[in-house]
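If you're matching positions, the sequence shown starts at 494 in our numbering and goes up one per residue.
Here a beta-carbon is modelled for each residue, glycine too, at the ideal position from N, C-alpha and C.
The structure presented is a predicted model; accordingly, all values stated were derived computationally and were not measured.
Here the structure comes first, spelled out in structure tokens, and everything after it is commentary.
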Amino acid sequence: MNATELREKTPDQLRDELAALKKEAFNLRFQSATGAMENTARTRVVRRDIARVMTVLNEKAAAAAAE
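Structure, rendered in structure tokens:
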């Protein structure tokens, strides 16, 4: 997922995506704690995706406030 794909989505879609990513991050932390994690690099990817979604949401909020 890249920022250009995210900028095409509506804020509601971005919030849904953020919720799904946070749920996945929680599940990955749980797997890591129990030793069941197979792909350890996925944690880093999910964290960065969360940051991208939050950045785009903040950009959209700033643009809406500027109008």
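The way I'd put it, the segment 542-558 does touch the segment 506-513; three or more beta-carbon pairs between them come closer than 8 Å. For A496, the CB contacts under 8 Å within the same chain, skipping 5 residues up- and downstream, are R545, T548 and V549 in chain order. Looking only at A555, F519 and D542, the smallest Cα-Cα distance to E498 is reached by D542. Taking 8 Å as the cut-off, the Cβ atoms of A518 and R537 do not count as close. Apart from sequence neighbours up to five positions away, no residue of its chain approaches T527 with a beta-carbon distance below 8 Å.
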